[in-house]
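K.L.:
Residue numbering for the sequence shown follows the UniProt record's numbering, beginning at 1 and increasing consecutively.
All C-beta atoms in this analysis are idealised placements derived from N, C-alpha and C, irrespective of residue type, glycine included.
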Amino acid sequence: MEFSKSDMKQFNNEKIKKLECKFKQQTLSKTTIEDFSNELFFQIFDYLDGCEIYYGFMDLNKRFQQLLNSSLLLFKINFDNKFFMNICKQIMTLNKHQIFSINSCKPLSMNRFFSSFSFDSSFKQLESLVLYESQSNILIPFLNNLSYLPRLFSLTLYLLEGLTNLVDIYKIILKLSMLKYLVIITKDSNLLNSLSINIDQQFNNITHLYIKNHCSFNDILILMSYTPQLHHICYSNMNCIATNIKNISPIKLSKLKRFFLCINGIKFDTFEIFLSKIDSKIEILSFTTRYEDMTYLDANRWQSLILNKLSYLKIFDLNYYVSFQNGFENRLYHGKSNQFSSSFWIERKWICEIRKEYGGIMYLIHPYKTRWDELILDETVNFSPVMTKSTQLILNDICAKQWRNIIHVTIRHALALAEIYHLTISVEKVFFGILIPILNSLPKLCSLKLHSLSFGDPEGMNPKDNKFFFSMKPKSKITKVYLERMDTD
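1. Which whole-angstrom value describes the C-beta separation of Leu157 and Leu131, a residue pair presumed to lie in contact below a C-beta threshold of 8 Å?
2. Measure the CB-CB distance between Leu126 and Ile102 and report whether it falls below 8 Å.
3. Do you know how far the Cα of Asn69 is from the Cα of Asn95?
4. Which of the three DSSP states, helix, strand or coil, is assigned to Phe3?
5. Applying the 10 Å Cβ sphere with the 16-neighbour rule, what's the burial state of Asn247?
6. So which of Leu176, Cys399 and Lys76 has the shortest CA-CA distance to Asn429?
7. By a C-beta neighbour count over all protein chains shown, 10 Å radius and 16 as the cutoff for buried, is His413 buried or exposed?
8. From Ile306 to Ile315, what does the alpha carbon distance come to, in whole angstroms?
9. Could you have a look at His422 and say whether DSSP puts it in helix, strand or coil?
10. Just how far apart, CA to CA, sit Gln202 and Phe268?
11. If I measure Cβ to Cβ from Ser177 and keep anything under 7 Å in the same chain, skipping five residues before and after, which residues do I get?
12. Cutting at 7 Å between CB atoms, please list the residues of its own chain near Glu272, excluding the five before and the five after it.
13. Would you check if the distance between the CB atom of Phe274 and the CB atom of Leu318 is smaller than 8 Å?
14. Measuring only the C-alpha atoms, how far is Glu459 from Ile434?
15. Any chance you could list the beta strand (DSSP E) runs of at least 3 consecutive residues sitting entirely within the segment 242-303, in chain order?
16. Can you check whether the C-beta of Ile315 is within less than 8 Å of a C-beta belonging to chain C?
17. If contacts are defined as beta-carbon pairs under 8 Å, then Asn440 and Ser476 qualify, I think. What distance do you get, rounded to the angstrom?
18. Which residues share a DSSP beta bridge with Ile99?
19. Given a threshold of 16 other Cβ atoms within 10 Å of its Cβ, counted over all protein chains shown, does Phe455 qualify as buried or as exposed?
20. Three-state secondary structure (DSSP) at Lys309?
21. Please report the distance separating the alpha-carbon of Tyr210 from that of Leu256.
22. Can the beta-carbon of residue 494 be found less than 8 Å from the beta-carbon of Phe64?
23. Using the rule of at least 16 other Cβ atoms within 10 Å of the residue's Cβ for burial, across every protein chain shown, is Arg331 buried or exposed?
24. Suppose the cutoff is 6 Å on Cβ atoms and the five residues either side in sequence are ignored; what does the same chain contact list for Leu310 look like?
25. For Ile33, count neighbouring Cβ atoms within 10 angstroms of its own Cβ and tell me buried if that reaches 16, exposed if not.
26. Is Gln339 buried or exposed, if buried means 16 or more other CB atoms sit within 10 Å of its CB?
27. Within 10 angstroms of the Cβ of Thr424, are there 16 or more other Cβ atoms? Answer buried if so, exposed if not.
28. Can you tell me whether DSSP reads Phe142 as helix, strand or coil?
29. Which residues in the same chain have their Cβ closer than 8 Å to the Cβ of Asn466, if we skip the five residues on either side of it in sequence?
30. Just confirm the distance between the C-beta atoms of residue 490 and Gly360, as a whole number of angstroms; I'd bet it's less than 8 Å.
31. Use the C-beta contact count for Ile376: other C-beta atoms within 10 angstroms, 16 or more gives buried, fewer gives exposed.
32. Do you know how far the Cα of Leu483 is from the Cα of residue 490?
33. If we count the other Cβ atoms within 10 Å of its Cβ and call it buried at 16 or more, is Met238 buried or exposed?
34. Taking buried to mean at least 16 other C-beta atoms within 10 Å of its own C-beta, is Trp345 buried or exposed?
35. For residue 491, I'd like the list of residues in its chain whose CB is within less than 8 Å of its CB, leaving aside the five on either flank, ordered along the chain.
36. Suppose contacts are defined by Cβ-Cβ distances below 8 Å. Is Tyr55 in contact with Ile87 by that definition?
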């Protein structure tokens with residue numbers, strides 16, 4: 001079962017409340033800490049670092065020594081504090097059978113970590129391991145010992161300091177049959193090359209895979225050929241490449257349900273081929289990209305791809321960023337507008353949203369959410385009229401002196417894709433004078449949401465612009481306005 005961040009936060013909050021309740025119940029009749037039950041101490045220790053527990057309680061008395069050596073207590077070790085280094089070594093030596101997780105996120109601690117010991121089967125409770133950068137001649141032998149850990153379900157590697165032989169690392173990791181969760185994050189320059197196609201039918205049990213920076217489209221496809229149990233993948237690469245991707249055979253991943261991609265530098269045609277190589281029943285697809293290929297805004301191409309290759313898709317989240325640098329502000333989408341409001345998208349309740357960000361514009365397609373201006377609709381209400389007029393423009397970056405750019409660049413780009421029915425300006429203290437030309441440029445606008453307005457003249461504003469603003473006749477037919485705050489300065 002999958003948990004979202006909000007689900008996990010709620011779960012942890014409920015867990016803490018139960019602990020607080022039990023703590024209060026016991027403290028009502030207890031006068032000293034020694035009167036607390038062992039069960040309560042175990043629950044308290046679950047929220048503390050293992051070294052802190054050892055340092056604070058080991059030398060108190062025999063009772064706490066017994067508690068700390070109990071098989072019911074599992075330690076979470078963090079190698080990020082020099083002060084606790086000797087204590088960590090003591091736990092790793094005397095209580096290795098009680099260690100649940102090891103987390104080392106600093107190069108210095110990693111060097112000491114690797115030189116202190118090696119893993120063996122006595123680490124029988126170790127389920128999670130987080131390791132930071134180390135030299136290949138130290139890291140590779142260390143990783144080889146992971147096969148002795150019977151319960152190592154989660155492995156995270158941060159390889160950010162220098163070049164590492166990733167092929168050798170993957171060859172070792174892909175043989176760890178107990179592993180379920182794998183994260184490998186590298187620098188952009190550290191690329192995975194020459195990982196061979198899985199012709200020997202060598203498989204593992206990885207269900208969750210998070211890869212950042214070092215895999216091309218070719219590499220990630222080859223990597224997935226080793227993971228038939230894959231359920232969730234998150235793949236990020238800001239300098240992605242794809243060569244001879246057509247020559248790779250389709251990969252069957254019958255359990256893959258969630259696919260999150262964040263890539264730059266890939267054309268839509270190549271992305272389409274990439275997805276065609278994955279034989280799966282993906283239910284959630286989140287795709288973020290930045291590339292000068294307006295085909296990403298072609299609703300018909302997406303519709304065809306979804307119907308033919310992603311027929312099980314339930315949630316679609318597209319984030320396409322267009323930079324206004326290097327003259328790209330003059331390139332518009334020239335396809336037919338309002339295609340993301342067709343029946344295909346309405347039936348699935350996926351809507352279009354456009355955001356003005358710093359230096360560019362973000363086009364989004366995502367599941368529909370009720371806006372501030374809408375009443376709660378019961379299940380019998382026909383959503384079609386609401387969905388066809390749901391396109392929203394959000395201005396997160398706006399300067400009063402550059403109001404012409406907002407109209408002639410941002411709004412021009414937005415209207416090339418779809419009619420805008422809802423406008424949100426999230427910037428604080430927007431000069432009220434620029435609203436008239438902005439609203440007049442959006443003839444279909446129904447609602448307006450503002451963070452705050454300012455009536456003071458913006459610094460550097462041309463007096464002729466002010467005169468122009470107040471000479472304009474409002475044309476907007478807005479019926480709903482939401483203003484969070486009014487500033488009078």
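P.N.:
According to the structure shown:
1. 5 Å
2. yes
3. 7 Å
4. At Phe3 the pLDDT is 41, less than 50, meaning the model places this residue with poor confidence; the figure from the coordinates comes in the next sentence. Residue state, collapsed to three classes: coil.
5. In the assembly as shown, Asn247 is an exposed residue. Its beta-carbon has fewer than 16 other beta-carbons within 10 Å.
6. Asn is not the amino acid found at residue 429; the sequence shown has Lys there. The shortest C-alpha separation from Lys429 is found at Cys399.
7. buried
8. 11 Å
9. strand
10. 32 Å
11. Asn204 and Asn205
12. Leu305
13. No, the pair does not count as a contact, with Cβ atoms beyond the cut-off.
14. 14 Å
15. 251-253, 258-264, 278-280 and 284-290
16. No chain C is part of this structure, which consists of one protein chain only.
17. For Asn440 against Ser476, the beta-carbon gap comes to about 6 Å, under 8 Å, which counts as contact.
18. Phe75
19. exposed
20. helix
21. 14 Å
22. Residue 494 lies beyond the range of the chain shown here (1 to 489); nothing can be said about it.
23. Exposure of Arg331 is indicated by the presence of fewer than 16 other C-beta atoms within 10 angstroms of its C-beta.
24. Correct list, in chain order: Ile282.
25. exposed
26. buried
27. Classified as buried, Thr424 has 16 or more neighbouring CB atoms from the shown chains inside 10 Å of its CB.
28. helix
29. Gly433 and Asp457
30. With the chain running from 1 to 489 in the structure shown, residue 490 is simply not present.
31. In this prediction, Ile376 scores a pLDDT of 46, lower than 50, which makes its location untrustworthy; the coordinate-derived value is nonetheless stated afterwards. That one is exposed.
32. Outside the displayed span of the chain (1 to 489) sits residue 490, for which this structure offers no information.
33. exposed
34. buried
35. Not covered by the structure: residue 491. The range shown for the chain is 1 to 489.
36. yes
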